[in-house]
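Numbering (this note's numbering), first residue to last: 6 to 343. We treat Cβ as the ideally placed atom computed from N, Cα and C, and that holds for glycine.
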Ligand SMILES: Cc1cc2nc3c(=O)[nH]c(=O)nc-3n(C[C@H](O)[C@H](O)[C@H](O)COP(=O)(O)OP(=O)(O)OC[C@H]3O[C@@H](n4cnc5c(N)ncnc54)[C@H](O)[C@@H]3O)c2cc1C
Ligand code: SF4
């Protein structure tokens with residue numbers, strides 16, 4: 006039996022005060038990831054600060070044409086919100102491709118950003134893992150690494166970030182609003198998650214005494230030409246082997262602007278400025294998409310079991326961009342089940 010304290014935060018300031026006061030405390034929101042990690046003895050917080058009742062549950066239009074999503078908005082409510090369905094269908098599709106309806110009802114926007122890797126060895130406390138226990142080694146590099154990363158890896162860690170929602174947020178260039186002891190700040194989505202480097206125990210650039218309060222979407226939701234393509238071992242209730250969030254602004258057949266983010270391939274959602282620039286001004290056709298795929302994957306490296314991901318990602322990028330260009334975003338329909 007592992008004892009821990011439990012306290013509810015009264016408001017955001019109280020949550021920050023409580024977390025700053027105890028270096029071994031953790032926030033809990035929906036609990037769908039953290040409780041599993043505690044049951045598996047992977048995480049051992051001595052104090053849980055329950056933020057699930059904080060008033061961060063609204064989805065509102067901003068003065069700049071965007072939308073601000075409270076950190077406690079459940080994944081289901083976000084995916085089915087009319088503003089999101091109509092203006093950011095890429096985000097709706099990505100969320101609905103993840104987990105199960107019951108999990109999405111519990112999971113929060115902030116918790117989804119902070120969920121931890123699904124590398125098998127991270128969950129297996131009998132094996133070395135630099136992310137779980139810094140300096141112990143990485144069992145995946147020479148182990149069963151079918152689910153692991155092919156981009157942005159280091160000698161210390163080849164884990165992937167498992168979120169679907171975050172891949173869409175990366176493509177949409179969201180901002181993450183946070184609050185800490187010294188006040189509020191906003192973090193560009195590209196800078197929120199980290200590559201492993203030699204500190205794989207740190208998944209994000211959020212300080213441990215900061216709380217995520219909201220995620221802000223800019224005006225352009227690529228609502229006409231988008232696709233979220235998730236490739237996985239089973240059609241539902243499985244994490245991505247590779248996923249692709251694609252958005253295009255088209256003028257006739259010509260690409261004015263393109264966004265492509267990959268999931269399941271790196272420690273953070275993966276984008277390449279070069280790949281997006283090369284698409285600008287090109288005809289929206291498979292040949293152009295293949296060039297972008299080559300740029301996105303130019304530094305890809307397999308570790309044995311996951312070599313297949315490189316070709317899978319290449320073909321997935323072409324397919325997702327083709328679906329986006331045709332305005333046929335989903336390869337299968339997503340049923341509304343509440
Ligand atoms: C069986 C299963 C299948 C799944 N499949 C998928 C999938 O296919 N795709 C996918 O994307 N996800 C999947 N998930 C993951 C799921 O989306 C996450 O568990 C969920 O989003 C986490 O949200 P939560 O509110 O429950 O977080 P919690 O478990 O409460 O917290 C997770 C982490 O976030 C921190 N945290 C929570 N809120 C805040 C905040 N506001 N500020 C700072 N830190 C915070 C906590 O301290 C903790 O470290 C799956 C989960 C399970 C159990
Ligand atoms: S890849 Fe990262 S999470 Fe997986 S065993 Fe290696 S260090 Fe741990």
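Remark: the shortest separation between the CB of residue 75 and any heavy atom of ligand 1 does not fall under 7 Å.
By the neighbour-count definition (other C-beta atoms within 10 Å, threshold 16), residue 81 is a buried residue.
As DSSP reads the structure, residue 254 sits in a beta bridge with 262. Taking a cut-off of 8 Å for Cβ pairs, the segment 312 to 328 and the segment 260 to 271 touch, as three or more such pairs fall below it. When C-beta atoms of the segment 27 to 47 are compared with those of the segment 228 to 246, fewer than three pairs fall below 8 Å, so the two segments do not count as touching. The DSSP-derived three-state label of residue 75 is strand. If you draw a straight line from the Cα of residue 215 to the Cα of residue 19, it is about 12 Å long.
Beta-carbon to beta-carbon, residue 184 and residue 132 are separated by about 37 Å, too far to satisfy the 8 Å threshold.
Taking residue 144 as the centre and dropping the five residues before and after it, the same chain places the C-beta of 126, 132, 133 and 134 closer than 7 Å to its C-beta, in chain order. Across the set 308, 314 and 329, the C-alpha of 329 shows the shortest separation from the C-alpha of residue 254. With distances taken between CA atoms, residue 266 lies nearest to 279 out of 256, 257, 279 and 260. Scanning 186, 35, 140 and 181 for the CA closest to the CA of residue 17 turns up 186. Around the beta carbon of residue 293, 16 or more other beta carbons lie within 10 angstroms, which makes this residue buried. For ligand 1, no non-hydrogen atom lies closer than 7 Å to the CB of residue 180.
Judged by DSSP secondary structure, residue 114 falls within the alpha helix (DSSP H) whose first and last residues are 114 to 119. Note that the segment 198 to 207 does not touch the segment 57 to 73; fewer than 3 beta-carbon pairs, one per stretch, sit closer than 8 Å. In this structure, DSSP gives residue 171 a helical state, which the three-state scheme calls helix. Comparing alpha-carbon positions, the option among 170, 114 and 303 lying closest to residue 249 turns out to be 170. Under the three-state reduction of DSSP, residue 190 is assigned to strand.
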